[in-house]
Ligand code: ATP
Ligand code: MG
């Protein structure tokens, strides 16, 4: 459930945003899982992996958050999305890496540290590397295998989440990547 909006508030989170090829592959995977579990597939344009969820912040603090994010560099890494699963407690079916790359854990750790240092609070649940494919899924045993999707990560984004008639709508409002060579 989403908390009530305050005027002047924006709902934001950091994420990995797939390129076109990975997005298409994940969306296709979503269709396969949908055929098994039903539910509501994530719109292709919304497919992402959340790194850090801040929730509502005051809009005037966005610039400070964006500044902080600029201090986090990305050591490019690859990740194999090769596992699909379903969480009964929230009825989310997802794809993720069987082995979470240490570089991904490291990126999340540095992002948390930097964002905390800048005075922002966020959800401190342990990071769960997953891409939501379906909501309201009827979770049960899944055909175990998915064709592995290779995701090359070289940047992360800040996303603003708002509601429209079709549900949550995401807008990328910042992107940061590998530190440029001097
Ligand atoms: P809705 O909440 O309207 O159903 P949504 O979950 O897609 O849609 P948001 O709630 O804004 O949209 O969430 C944005 C992203 O952050 C999603 O990937 C969501 O799973 C993740 N997220 C939301 N709340 C938390 C939280 N408390 N901790 C970690 N990640 C979260
Ligand atoms: Mg939500």
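Numbering (the working numbering), first residue to last: 1028 to 1209.
Positions of the beta carbon are idealized from the N, C-alpha and C atoms, including for glycine.
Residue 1135: first and last residue of the uninterrupted alpha helix (DSSP H) it sits in: In the DSSP annotation of this structure, the continuous segment of the alpha helix (DSSP H) that includes residue 1135 starts and ends at 1129-1144.
Exposure label - residue 1199; buried when at least 16 CB within 10 Å: Within 10 angstroms of the beta-carbon of residue 1199 lie fewer than 16 other beta-carbons, which makes it exposed.
Closest by C-alpha distance to residue 1102, when choosing among 1190, 1193 and 1183: That would be 1183, whose Cα lies nearest to the Cα of residue 1102.
Simplified DSSP assignment, three categories, for residue 1169: In the structure shown, residue 1169 sits in coil (DSSP, three-state: anything other than H, G, I, E or B).
When 1036, 1068 and 1174 are compared against residue 1193, the one with the closest alpha-carbon: The shortest Cα separation from residue 1193 among 1036, 1068 and 1174 belongs to 1068.
Buried or exposed (CB count within 10 angstroms, at least 16 for buried), residue 1157: Residue 1157 should be labelled buried.
Cβ-Cβ distance between residue 1165 and residue 1059 below 8 Å: Going by C-beta atoms, residue 1165 is not nearer than 8 Å to residue 1059.
Proximity below 8 Å, CB of residue 1142 to CB of residue 1090: In this structure, the beta-carbon distance from residue 1142 to residue 1090 does not fall below 8 Å.
Buried or exposed (CB count within 10 angstroms, at least 16 for buried), residue 1190: Looking at its Cβ environment, which holds fewer than 16 other Cβ atoms inside 10 Å, residue 1190 is exposed.
Residues sharing a beta bridge with residue 1110, DSSP: Answer by DSSP bridge pairing, in chain order: 1123.
8 Å Cβ cutoff met for residue 1056 and residue 1160: Going by C-beta atoms, residue 1056 is nearer than 8 Å to residue 1160.
Any non-hydrogen atom of the ligand ATP closer than 7 Å to residue 1051 Cβ: No, the Cβ of residue 1051 stays beyond 7 Å of every heavy atom of the ligand ATP.
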